[in-house]
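In my numbering, the protein residues as written are 173 to 311.
Ideal placement from N, C-alpha and C gives every residue a C-beta, glycine not left out.
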Amino acid sequence: GKQGIVTSTPAITVFHDGDCPVCRAEIRFYSRIDTAQAIDWRDITRLSDDALPDGKTREELLGRFHVRDRDGSWHIGVGAFARIWRALPGFRHAAWVFSVPGIRQLAEVGYRGFLAWQQRNRRLRATARAKSAERSAQT
173 GKQGIVTSTP
183 AITVFHDGDC
193 PVCRAEIRFY
203 SRIDTAQAID
213 WRDITRLSDD
223 ALPDGKTREE
233 LLGRFHVRDR
243 DGSWHIGVGA
253 FARIWRALPG
263 FRHAAWVFSV
273 PGIRQLAEVG
283 YRGFLAWQQR
293 NRRLRATARA
303 KSAERSAQT
C-alpha cells in the first residue's frame, strides 16, 4: 500500500492523555510499531467536547486508559493495553499474558499505582500552568 495513507478503518481507537509525559512516550513507541496503521490515536486533551465518543466524558477517558474496537466495544485499563498489543506486530503473541490468572491482577495493581501517580502529576501540572499564567498576567 501507499505509505502514510490509511486505506481502511483502523481496527481500534486509542484515547490517551496527551498531557502525560509517560503516556506520550508510550504512544510514540507504539505508533512507530503500528506500521499497518491499525490504530487511530486520539489525544483526549485536544479533542473538542463534540469529538468525545458518545457516552464517555473527558474525565472518564482521562481517568483510565480506553480503547474502542471498530465494532464499538470498549477495553479499559489493563484490558486496553492487551487490546493494543493484539493490534501490534511483535506484540500479538504476548497479549495472552494479560489473560493469565494472577498476572492480570498484578498488572491491574501496577496500573492503579500508575494512575494515582499520574493524577497527582496532572494536578501539579495544572497548578504550575495556572501559576505561570498568573505570573505572565502580572508582567
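* **Residues that Val-186 bridges to, as DSSP identifies them** => Answer by DSSP bridge pairing, in chain order: Trp-213, Val-239.
* To do: Decide if the stretch 212-221 is in contact with the stretch 230-240; the criterion is three or more beta carbon pairs, one per stretch, under 8 Å apart.
  => yes
* Report the rounded CA-to-CA distance for Trp-246 versus Gly-274, giving the unit in angstroms. => 22 Å
* Extent of the continuous alpha helix (DSSP H) to which Trp-289 belongs -> DSSP places Trp-289 in the uninterrupted alpha helix (DSSP H) bounded by 275-310.
* Among Arg-242, Ala-309, Phe-253, His-238, the one whose alpha carbon lies nearest that of His-188 -> His-238
* **Under 7 Å between C-beta atoms of Ala-208 and Pro-182** => Against a cut-off of 7 Å, the Cβ pair of Pro-182 and Ala-208 comes out as no contact.
* Exposed or buried, which one is Ala-254 when buried takes at least 16 other CB atoms within 10 Å? -> buried
* Quick one: what's got a C-beta closer than 7 Å to Asp-206's C-beta in the same chain, skipping five residues either side? -> Residues Leu-260 of the same chain have their beta carbon placed closer than 7 Å to that of Asp-206, with the five preceding and five following residues left out of the count.
* N- and C-terminal bounds of the beta strand (DSSP E) containing Trp-246 -> 246-248
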